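Numbering-wise (the working numbering), the sequence shown opens with residue 104 and increments by one.
Yeah, the Cβ is synthetic: ideal placement off N, Cα and C, and Gly gets one too.
Here the structure is a predicted model, which means the values were calculated and not measured.
For reference, the structure is listed below as structure tokens.
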Amino acid sequence: MRIFLALALLLPACSAPPAGAAPTEASVKPGINDDFTNPSLDVDAMVRRFEGESREIFAKRTAIARAVGLQPGQTVADVGAGTGVFVDHFAADVGPTGVVYAVEIAPKFVLHLAERAQRRGQTQVRAVLGGEREPGLPEASCDAVFTSDTYHHFEYPRATLAGIHRALRPGGQFVVVDFERIPGVSREWTLGHVRAGKQEVIAEVTAAGFRLVEEVPLGLTENYFLRFRRD
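In structure tokens form, the structure reads like this:
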């Protein structure tokens, strides 16, 4: 685990583009990830914030994980794994012969995820330091990529979606769980924090080469669950 983590931290996902490269995508929401990349990030405070029953996706974590439908031996990437809300479920689903990439742009979360997996004996879990534009996953390595309350943190969605597309094997699924953003209905916090509503997310993801398969009804009120395929 420690060896893999050391390698993950050296991944070039955060490196700047080479001189003379084509202009990069502009940020769609500058500063959206500043709290997480801050060296003073308080992981214990984030655990309390993310892993409370008042948070819908935490309360519904088992139903959400089961809906992904992972099988033993598969490889899944949890992009924006945070404190590891879904890691235990995914590790159990893919079993010891599978792989769970727990991807984060916050170095402190990467360390937390690696140490957490080591304590729990989850040898199939690999903590990966991703970048703002690239998740840092091997090409054609994943059967599924999952994001939960993370899509709205994609500061460079076209680049990030291209990286996810590359990481998926043909036929692989991309699951997006994120906040409903409905003017006049959603909370003011959601309207100010989340830049795109569900239909805009669908448009962006399908433009990146994915096919929308279904919206899975899980009794969610603040969030939605969308399943896409990489054909």
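Environment of residue i [buried if 16+ CB atoms lie within 10 Å]
{"i": "G322", "result": "exposed"}
{"i": "G231", "result": "One point to set straight first is that residue 231 is Val, not Gly, in the sequence displayed. Result: buried."}
{"i": "D246", "result": "buried"}
{"i": "P238", "result": "buried"}
{"i": "A162", "result": "exposed"}
{"i": "N326", "result": "buried"}
Residue i: first and last residue of the uninterrupted beta strand (DSSP E) it sits in
{"i": "D281", "result": "271-282"}
{"i": "T178", "result": "178-182"}
{"i": "E317", "result": "313-318"}
C-alpha distance - residue i paired with residue j, whole-angstrom precision
{"i": "L216", "j": "G233", "result": "13 Å"}
{"i": "D252", "j": "V280", "result": "6 Å"}
{"i": "R236", "j": "T263", "result": "5 Å"}
{"i": "V308", "j": "F328", "result": "14 Å"}
{"i": "T324", "j": "R284", "result": "11 Å"}
{"i": "A336", "j": "P199", "result": "Limits of the chain in this structure are 104 at one end and 334 at the other, which puts residue 336 out of reach."}
9 Å Cβ cutoff met for residue i and residue j
{"i": "V179", "j": "Y259", "result": "no"}
{"i": "F282", "j": "H255", "result": "yes"}
{"i": "R272", "j": "R333", "result": "yes"}
{"i": "G224", "j": "V206", "result": "no"}
Extent of the continuous alpha helix (DSSP H) run through residue i
{"i": "L294", "result": "291-296"}
| query | Quick one: complete alpha helix (DSSP H) runs, 4+ long, within the segment 204-252? | reply | 210-222
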